[in-house]
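Visitor:
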Amino acid sequence: MTQAATARKARLGTLLLALVGCIVVAVPMIYSLAEPVPMTLIGCGVSTIALALFLFFSL
85 MTQAATARKA RLGTLLLALV GCIVVAVPMI YSLAEPVPMT LIGCGVSTIA LALFLFFSL
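Numbering (my numbering), first residue to last: 85 to 143.
#1: Do Leu101 and Ala134 count as a contact pair if the criterion is CB distance below 9 Å?
#2: Considering just the uninterrupted stretch of the alpha helix (DSSP H) at Pro112, what are its terminal residues?
#3: Please identify the residue among Ala89, Thr98, Lys93, Ala88 whose C-alpha is closest to the C-alpha of Ala136.
#4: Please state the DSSP three-state secondary structure of Leu143.
#5: Residues in its own chain within less than 7 Å of Ala110 by CB, not counting five upstream and five downstream?
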C-alpha cells in the first residue's frame, strides 16, 4: 500500500512539473518578451521530461 501511495505522489509531482513547464512556455507569449526562444525551449524541455517521468511511473 505504501508503494502505491509513493507512485501516486510521484505521478502528481511530475504532472505539476509539466504544468510549470507549460506556464514557462506561455509567459513569453502572454507578455510579448523580446527573446522568448530560450524560455520556450526550457519550458518545452521541462514539460517533456516531466511527462516522460509520468509515463515511467504510470507503467
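Virtual Cβ for every residue (Gly too), placed ideally from N, Cα, C.
Keep in mind the model is a prediction, meaning the values are calculated, not measured.
Guide: From the atom records:
#1: Closer than 9 Å, so yes.
#2: It spans 86–115 - the alpha helix (DSSP H) in which Pro112 sits, taken as one unbroken run.
#3: Comparing Cα positions, the closest option is Thr98.
#4: The answer is coil: DSSP assigns Leu143 none of H, G, I, E or B.
#5: For Ala110, where only same-chain residues beyond five positions count, there are no Cβ hits under 7 Å.
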